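> Structure provided below as structure tokens; questions to follow.
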Amino acid sequence: MILTPDKIQAILQEAAHFPRPSAAAIEALNIAQRGHGWISDELLKEVAELLGMSPADLDSVATFYNLIYRRPVGKRVIHYCNSVSCWMLGAEDNRRYLSQKLGIGLGETTGDGEYTLLPIVCLGACDKAPVLMVGDETHFNVDPAKLDDVLGETGAP
Ligand code: FES
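Residue numbering for the sequence shown follows this note's numbering, starting at 25 and increasing by one per position.
As structure tokens, this is what we get:
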């Protein structure tokens, strides 16, 4: 068993808010992911069992939702928005700068396990494009000149 008793309790409490426990799938996955960093197959099975779902059905939720990770990721995940407004205003310049600075491509993690770089769809702040997230922090109007500060704020080397 990977899930701790307090996480099992939290997932069951969340599921109790809905007529069907499967409606709590995203929050349950978030709870399970906290502390583990990602959702392994074993963890997925445990959460699915608590929600009365098949692992395959829960996996389809997990893989659809951008902030649930089905593979190991770095301590901080950089999600850069590559939807149209951000793309038009320089998201690709930011992506190139980050790839060069960190030495990783999309979907990759730095050798020290610190950062993973992933694209994400529109974050709903198109008027402040380009937008990216580093962990839970969202950064607006980002350009390459600001990226060192953005990473510095979150403890990058
Ligand atoms: S397109 Fe990037 S925030 Fe909307």
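Every residue gets a Cβ at the ideal spot worked out from N, C-alpha and C, and that includes glycine.
Remember, predicted model here, so these are calculated numbers, not experimental data.
Going by alpha carbons, who is nearest to ILE55 out of CYS146, ILE92, PRO154 and HIS103?
Of CYS146, ILE92, PRO154 and HIS103, the residue nearest in Cα terms is ILE92.
> Along the chain, which unbroken stretches of the alpha helix (DSSP H) at least 4 residues long are found entirely within the region 31–63?
Fully enclosed alpha helix (DSSP H) runs of 4 or longer: 49–57.
> Evaluate contact between the region 113–122 and the region 157–172, counting only Cβ atoms and requiring at least three cross-stretch pairs below 8 Å.
Contact holds: three or more Cβ-Cβ distances are below 8 Å.
> If you follow the beta strand (DSSP E) that GLU161 is part of, which residue opens it and which one closes it?
First-last of the beta strand (DSSP E) with GLU161: 161–163.
> Can you find the residues in the same chain that come closer than 8 Å, C-beta to C-beta, to LEU75, ignoring five residues on each side of it along the sequence?
For LEU75, where only same-chain residues beyond five positions count, the Cβ hits under 8 Å are ILE35, ALA39, PRO45, SER46, ALA48, ALA49, ALA52 and LEU82.
> Going by C-alpha to C-alpha distance, which of ARG94, HIS103, ASP136 and SER109 sits closest to ALA149?
Considering only alpha carbons, the answer is SER109.
> Expressed to the nearest angstrom, what Euclidean distance is found between the alpha-carbon atoms of PRO181 and ASP65?
Confidence at PRO181 is low in this model, with a pLDDT of 48, below 50, so the placement of that residue should be treated as unreliable; the coordinate-derived value is given next. Their backbone Cα atoms lie some 32 Å apart in a straight line.
> With H, G and I counted as helix, E and B as strand and the rest as coil, what does DSSP make of CYS105?
If DSSP states are grouped into helix, strand and coil, CYS105 belongs with the strands.
> The alpha helix (DSSP H) spanning THR87 covers which residue range?
Unbroken alpha helix (DSSP H) run through THR87: 79–88.
> Do you know offhand how far TRP62's Cα is from MET112's?
Taking the straight line joining both Cα atoms gives about 31 Å.
> Have a look at ASP173 and ASP151 and give me their C-alpha separation to the nearest angstrom.
Cα to Cα, ASP173 sits roughly 21 Å from ASP151.
> Grab the span of the alpha helix (DSSP H) containing TYR139 for me, first residue to last.
Segment 139–144 is the beta strand (DSSP E) holding TYR139; no alpha helix (DSSP H) there.
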